[in-house]
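Numbering (the UniProt record's numbering), first residue to last: 1 to 277.
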């Protein structure tokens with residue numbers, strides 16, 4: 001994940017001028033970026049550590065490969081994460097548990113990262129997640145008439161029960177043939193249970209599928225602070241800053257200490273799959 005204080009997608013030129021404008025954008029100080037994930041699914045625990053880059057810097061985000069990383073639960077059990085043990089070229093900066101480790105619902109986990117002489121910490125609760133009763137699909141009439149993507153005219157219908165006696169927050173991910181899929185590239189699908197009824201009966205997916213596609217839905221439980229992070233991130237991704245002279249957007253609020261960017265997410269995960277036939 002690359003973090004910028006401001007992102008500009010088009011070169012700006014003054015009407016009637018031959019020379020492009022060189023925007024005078026202050027270069028922000030370098031920050032460490034930590035993306036941690038602990039789940040109750042075996043093999044789905046990782047911590048990615050990088051450095052933020054300046055606005056005009058190009059190339060890959062610098063990876064931190066020599067950090068000391070641990071995760072400790074509220075019972076005192078400590079798990080050490082090691083950097084890229086299989087030495088995969090595309091896994092630089094990614095740390096995984098040194099021993100078998102899976103999160104447990106109800107436990108609170110604290111991430112500690114020691115890097116560049118600094119310590120960064122974050123704590124999050126592994127809350128329970130809704131369980132999908134079933135997935136169904138149907139033709140979306142609007143998509144059938146004018147499809148965004150040729151042949152992708154089926155929407156998923158999700159059925160589940162959501163406990164209304166407690167506050168819950170969720171993140172949804174949609175896959176088409178094992179590829180993470182969005183309606184728009186900047187979409188993040190998250191919600192609180194005020195939006196969801198106790199009986200989720202035929203909730204429609206935001207993405208569409210074609211014949212013989214395999215559709216998968218992952219639901220992640222979130223803590224309140226996780227919901228706030230994704231809400232801030234969504235606002236940042238979909239905010240143009242109020243135009244050329246609007247205020248600069250700020251980084252999402254995080255549970256990480258000491259000025260680190262990113263987030264340490266602890267989630268229970270439920271997965272449902274269906275083939276469009």
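In this text, a Cβ means the ideal position worked out from N, Cα and C, and glycines have one as well.
- Shown here, residue 250 sits in coil according to DSSP, grouped into three states, outside any helix or strand.
- In the assembly as shown, residue 88 is an exposed residue. Its beta-carbon has fewer than 16 other beta-carbons within 10 Å.
- Residue 31 has its alpha-carbon roughly 14 Å from the corresponding atom of residue 253.
- Annotation: residue 61 is outside any beta strand (DSSP E) and is labelled neither H nor E by DSSP.
- With contacts defined as CB atoms closer than 8 Å, residue 209 and residue 173 fail to qualify as a contacting pair.
- Contact check between the segment 31–47 and the segment 253–272: three or more CB pairs, one atom from each, fall below 8 Å, which counts as touching.
- Residue 107: not part of any alpha helix (DSSP H); DSSP gives it neither H nor E.
- Leaving aside the five residues that flank residue 237 on each side, the residues in its chain whose CB is nearer than 8 Å to its CB run, in chain order, 186, 188.
- Going by beta carbons, residue 158 and residue 221 fall outside the 8 Å limit.
- Taking 8 Å as the cut-off, the Cβ atoms of residue 101 and residue 138 do not count as close.
- Between the alpha carbons of residue 47 and residue 141 lies a distance of about 42 Å.
- According to the DSSP secondary-structure assignment, residue 122 is paired through a beta bridge with 111.
- Closest in alpha carbon position to residue 227, among 218, 180, 167, is 167.
- Judged by their CB atoms, residue 95 and residue 130 are not nearer to each other than the 8 Å cut-off.
- Secondary structure note for residue 180: its beta strand (DSSP E) is the uninterrupted segment 179–181.
- For residue 70, the three-state secondary structure derived from DSSP is strand.
- Secondary-structure assignment with DSSP links residue 221 through a beta bridge to 170.
- The residue from 123, 85, 76, 107 with its alpha-carbon nearest to that of residue 35 is 123.
- Taking a C-beta distance under 8 Å as the contact criterion, residue 120 and residue 260 qualify as a contact pair.
- For residue 155, the uninterrupted beta strand (DSSP E) segment begins and ends at 154–161.
- In terms of Cα proximity to residue 107, the closest of 78, 52, 132, 82 is 78.
- Residue pairing by DSSP puts residue 192 in a beta bridge opposite 169.
- In the three-state reduction of the DSSP assignment, residue 228 falls in the helix class.
- Residue environment analysis places residue 262 among the buried positions, since at least 16 neighbouring C-beta atoms fall within 10 angstroms of its C-beta.
- In the structure shown, residue 235 falls within a helical segment according to DSSP collapsed to helix, strand and coil.
- The alpha-carbon separation between residue 93 and residue 103 amounts to approximately 22 Å.
- Shortest Cα-Cα distance from residue 257 to any of 72, 51, 118, 97 involves 118.
- A distance of 8 Å or more separates the beta carbons of residue 33 and residue 67.
- Note on residue 184: under 16 other CB atoms within 10 angstroms of its CB, so exposed under the neighbour-count rule.
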